[in-house]
Every structure is written in C-alpha cells, then in structure tokens.
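Residues in the sequence shown are numbered from 149 upward in steps of one, following this note's numbering.
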Amino acid sequence: MSTSAPSSHDSLTWHQPWVDLGEAFATRVNPTPLNAPYWINRNTALLQDLDWPSQGLSSPDALLAFSGCALPLGAQPVATVYSGHQFGMWAGQLGDGRALSLGAVDSALGRQDIQLKGAGPTPYSRRGDGRAVLRSSIREYLCSEAMHGLGIATTRALCLTGSPQTVYREEMETAAVVTRVAPSFVRFGHFEHFAAQGQHAPLKILADHVMTQHLPECATRAAGGEHQGNVFAVLLQVVTEKTALMLAQWQAVGFCHGVMNTDNMSILGLTLDYGPFQFLDGFNPRHICNHSDTQGRYAYHRQPNVAYWNLYCLGQALAPLINNQDLTLAVLESYKTLFPQALDRAMALKLGLAETSAPGAHPECRALTDSLLTLLAKEQVDFTVFWRRLSQAVASASLEPDHPAWVQVRDLFLDRSAWADWQTLYAQALQNSDRAAAARTMLAHNPKYVLRNHLAEIAIRQAKLGDFSEVDKLLNLLQSPFDEHPTQEAYAQLPPDWASSIEISCSS
149 MSTSAPSSHD SLTWHQPWVD LGEAFATRVN PTPLNAPYWI NRNTALLQDL
199 DWPSQGLSSP DALLAFSGCA LPLGAQPVAT VYSGHQFGMW AGQLGDGRAL
249 SLGAVDSALG RQDIQLKGAG PTPYSRRGDG RAVLRSSIRE YLCSEAMHGL
299 GIATTRALCL TGSPQTVYRE EMETAAVVTR VAPSFVRFGH FEHFAAQGQH
349 APLKILADHV MTQHLPECAT RAAGGEHQGN VFAVLLQVVT EKTALMLAQW
399 QAVGFCHGVM NTDNMSILGL TLDYGPFQFL DGFNPRHICN HSDTQGRYAY
449 HRQPNVAYWN LYCLGQALAP LINNQDLTLA VLESYKTLFP QALDRAMALK
499 LGLAETSAPG AHPECRALTD SLLTLLAKEQ VDFTVFWRRL SQAVASASLE
549 PDHPAWVQVR DLFLDRSAWA DWQTLYAQAL QNSDRAAAAR TMLAHNPKYV
599 LRNHLAEIAI RQAKLGDFSE VDKLLNLLQS PFDEHPTQEA YAQLPPDWAS
649 SIEISCSS
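Have a look at this one:
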C-alpha cells in the first residue's frame, strides 16, 4: 500500500480528533487496498459546498485515496470503538467494523470528518471482511444525498468507488467504498461503551469533546441557568431536541430507517448508516422495510418511540455525568412534547397551513392531519404522489373539487365520498389563507422525487453491468427533489408492481 497520495490533497490540512482524545477511543489501522479500483460517481456538488480544490475528485491520486489504496498526506486512519443496543438487546462492544476515519479537514461547512466505508477489516470487524458491496454502497451514496436534498440532517457522500474484487454475502458480489462526510460520526453507542464499563473519565472526555467541538450551545445554555446549570443535562437536552426534529422530518416524508440501533444514532441528530432504508410507496404505518426485522421493531409507525427508547439509553450512559436522576428523566420526558410539536409543524407545512398555526398548537391542523393519514392508510395511497398532487391542486388557485388538479388527487382514492368529506374540511381551512403562499410552502415541503426502492434497484442492476449513468442521473435529480424537472417525469410516477417484491435486509 502506498503511504500517500500526494498532489491532489496537498492543500488540505488533516486533523485526527480521535487520536487527540486518546488510545481508549480508537485504534490506528490502515485501509486494505481494493484491486483495480475505478470511479462509480463523484459528488461535485458536495465538493463545491465544501469549497475544496476542484481537482480533488479528478486525479488518479484521489481515486487511490478514496478507494483505500493510498493515504492523503497527513491522514491518520482510525477505527473507533463503541457499544450499543441492537434490536433492543445489549450487544456489548461493537465499533467501526468496516469504516475508517481518515481524519477531519476544514471546509466552508466547518471541519468535516472524512470516513471510508468498506475499506477493509479493523479490530472491530468481528470476523467480518470489512468490505461493503456495490449494491448497498450505491443505496447509501444516493440516499444520504437525497436526504440532504430534502433538508433533513444527514451524513453525506463525497464519492463512490468500485472494484472487480468479490465479496460474499448471500451471493458473490463486488466491493465498493463510499467516502462519507459529516462534522462527526460520534454515536450514542460511543457513550454507552464507556458507561457500560464504568469508565467515567473517558466518558467525560468524549462529552466535553462533543460540546466543545460540535455543540457549543450546551455551555451557553448551561451558563444561562438551563437545567440548573448542569452542562451534561443540557447536552442530553440538545441531543433530544435534534433527534425529535429528525424523527419528525423522517415521518413527514415517509422515510423508514430500518435499523435504529443505538449504535446507528448520531449524537448530532444526523441520519446515519443507510442500510435497509425505504421511502414509503403506499402509506402503511405498520410497514417494515427491513427484511431482517422479523418482529417489526423498526416499523415506520414505531420509529418515534424507538428514538425515545434510544435517547433513554443515552440518558443512562450520561447519568454518571449528570448525577441527578430526576433531572435526567425530566430531560428525556421533554421528547414527548418536542416530537409531537415538530411533527405538527412539519405536517402544517405539508398542508400549507403553517402560517395560520403555531407549531404544535393548532387543533384544526392536527385534526386534518389525523383524519387524512387514516384515509391514506385505509387505501394505502402512494405517500409521495399524494402530497405532491395535493400541493399542485392548491397551486391551481381553485378549491373546486371538479377542477382537473383536484381530480388528479381524487383519482388516488377508491372511497371518493371519504375523500370528498376531507377535501371539504381542508378547503374550509384554506379559505382565509393566502393560497399562493400556501402553495409555495407545500411545493417546497412535499418532494416530487424520493429515492424509491425500485429506482435504486434499477441503478444497481445497471451498475452491476458496468453502466453507472443511472447513479449519476438519480444523484442529480435527488439533490433538488422539490423542483419539477419536467424531462424526468418518469421518476415521479407510481411504482411498478414488481417494486413490492424488493426485499432489503441488513446484509451489505
């Protein structure tokens, strides 16, 4: 393995916060090179957001660096150790089994941690090969950028490389590496790890690091007297707020994560670890997107409560630092108010009623939402298509049910009478509002395009044949999912019948 990839990355200064924290947090380990690596896709939009050198994804050195075949000058790759609860059970020590942090680099978005996923085994691979397959890598690469396009906090993906090297999962597949980018990849499980071992000194070091480097508002809020000036309680509060907002946004766009283990939860409230995810097609609140989730623990409708359960685990981990059980429980209890308020606000935006409703406090909006979701679930109406057509109907400037735009919505329902009843109530709610403003709000919060399973599957099938054009097309489309893209209408249509037969599991 080459020790450095010199020219393309000379202008970047690398830092390694995990090394600075101490040996207890991470193990130094070099990536294992892929055979004959090649580019699959390069995210030039993210490169521009970072304001990094334009040649950063164009040189042969970059290909070597982002496929684990060489190290950028100054990078110090490490795998971090964490523990966690998986499917509700304590799993003990886990860690970065196929992810390596190269280090952190300053950018226009602030300091960003650069991580290779699929770059070979680490001390935490638990007898695994440390690789990621092409199939799952394409899904993560596209979905992390799709979530960013939707305005949902997420890790991002800078590039995707592949190799003819084979990896065995349920069958022989080829390997790939995703270069992930985030301010930090610290997980709930990092805190659980040290708390479970009674190692309170490194637990405090980690908490101080997160607050100093990533959540400085904790110190400010504690200094203002919040939670009795207990900065660790404020840390739990900030994480609770960010998690509640993220979950509300997931639910509002119909996103199913599929494997909400505590080690897959970001301390910064970022959507993390794209495995068996799915955007809902037909609206079924009980939908289970993960074929491995035989008990339905992570079904769509259970995600908000699972997030609370995971926060409770984080609260237990931080309890030795907070040192006040009642205060810890009070912070966690706030989720039960924060999440409904955030979801009410998100649904008010989707309905175009945000300007006439205080967040979480408008009974008319809540009643409209509840009755609508019941109606959608009864007939499993396509979630994304419905909301977009509703937005376009409001944009038509007519509230007449026989207007062509409203007929397009009505045609999604078999029970026309039930739809007519709801539409009458909704029209009444809109009558005293600025409908042009409502339409603009709705079109900006109800995406036309999401990464449906069948779209990803088509891109994967073509990529296996060496054609990566569909990956590129989807990336460009999903980075602006609220725009019309009139030449790409096919990507906004109802899914084909075969889409329901796609099974997504934890295997990657």
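Yeah, the Cβ is synthetic: ideal placement off N, Cα and C, and Gly gets one too.
Note down the Cα distance separating D168 from L264, rounded to an integer number of angstroms.
20 Å
Looking at N412: is its Cβ nearer than 8 Å to the Cβ of Y289?
no
Are A305 and S292 closer than 8 Å when you measure CB to CB?
yes
Helix or strand or just coil, what does DSSP make of Y230?
Correct three-state label for Y230: coil.
Please work out which residues of its chain come closer than 6 Å, Cβ to Cβ, to A517, disregarding the five sequence neighbours upstream and downstream, and give them in chain order.
Reading off the sequence shown, one finds Thr at residue 517, where the question assumed Ala. M495, listed in sequence order.
First and last residue of the uninterrupted beta strand (DSSP E) at G251:
A247 to V253
Per DSSP, N191 is paired with what?
N191 pairs with nothing; no bridge assigned.
Tell me, please, which residues DSSP counts as bridged to N438.
I652
Bridge partners - C307, DSSP secondary structure assignment:
R190 and T327
Hey, R588 and A545 are a contact pair by Cβ (cut 8 Å); roughly how many whole angstroms apart?
At roughly 12 Å, the Cβ-Cβ gap does not stay under 8 Å, so R588 and A545 are not in contact.
Could you please give the first and the last residue of the uninterrupted alpha helix (DSSP H) stretch that includes L264?
Premise fails: L264 lies in the beta strand (DSSP E), Q260 to K265, not in any alpha helix (DSSP H).
Who pairs with R335 in a beta bridge, going by DSSP?
S414
Could you give the residue range of the beta strand (DSSP E) that holds G297?
Taken as a continuous stretch (DSSP letters only), G297 belongs to no beta strand (DSSP E), being part of the alpha helix (DSSP H) at L282 to G297.
Count the other CB atoms, across all protein chains shown, that sit within 10 Å of the CB of G377; report buried if there are 16 or more and exposed otherwise.
exposed
Within the continuous alpha helix (DSSP H) that includes Q540, where are the two ends?
It spans F531 to A543 - the alpha helix (DSSP H) in which Q540 sits, taken as one unbroken run.
In terms of residue numbering, what span does the beta strand (DSSP E) encompassing A174 cover?
A174 to R176
Residues of its chain near H405, where Cβ-Cβ distance is below 6 Å and the 5 sequence neighbours each way are ignored:
F425
Can you tell me the Cα-Cα spacing of Y230 and Q540, whole angstroms?
47 Å
Residues in its own chain within less than 6 Å of V90 by CB, not counting five upstream and five downstream?
Given that the chain is displayed from residue 149 to residue 656, the structure contains no residue 90 and the question cannot be resolved.
Cα-Cα separation between A301 and N580, rounded to whole angstroms
33 Å
Can you check DSSP and say which residues form a bridge with T302?
T419
In the DSSP assignment, what are the bridge partners of H375?
In the DSSP output, where bridge partners are listed per residue, H375 has none listed.
Chain-order list of residues whose beta-carbon lies under 8 Å from that of G402 (same chain, five-residue window excluded):
F427, L428, F431, Y448, F531, T532 and V598
Do S273 and P185 have their C-beta atoms within less than 8 Å of each other?
no
Is DSSP giving H341 helix, strand or coil here?
In this structure, DSSP gives H341 a helical state, which the three-state scheme calls helix.
With DSSP run on the structure shown, which of helix, strand or coil describes P312?
P312 sits in a strand when the DSSP states are folded into three classes.
If you draw a straight line from the alpha carbon of M408 to that of R514, how long is it in whole angstroms?
The straight-line gap from Cα to Cα measures roughly 27 Å.
For G508, does the three-state DSSP call read helix, strand or coil?
Only weak support is given to the placement of G508: the predicted model assigns it a pLDDT of 44, under 50, and the question is left unresolved by the model.
Please list the terminal residues of the continuous alpha helix (DSSP H) segment that includes M359.
First-last of the alpha helix (DSSP H) with M359: H348 to Q361.
So, for F342: in the same chain, excluding its five sequence neighbours on each side, which residues have a beta-carbon less than 6 Å away from its beta-carbon?
P350 and L351
Between G232, N601, I652 and A400, which lies nearest to P643 when the distance is taken from Cα to Cα?
N601
Going by C-alpha distance, which of F561, P364 and S628 is nearest A193?
S628
Per-residue burial, H593 [other beta carbons within 10 Å of its own, 16 or more giving buried]:
buried
Close-in-space but distant-in-sequence residues of the same chain around A247 (CB under 6 Å, 5 per side omitted)
Q263 and K265
Would you say Y483 reaches chain C, if we count a Cβ-Cβ gap shorter than 8 Å as a contact?
Absent from the structure is chain C; it holds one protein chain and no more.
Cα separation between P677 and E548?
Nothing can be reported for residue 677, as the shown portion of the chain is limited to 149 through 656.
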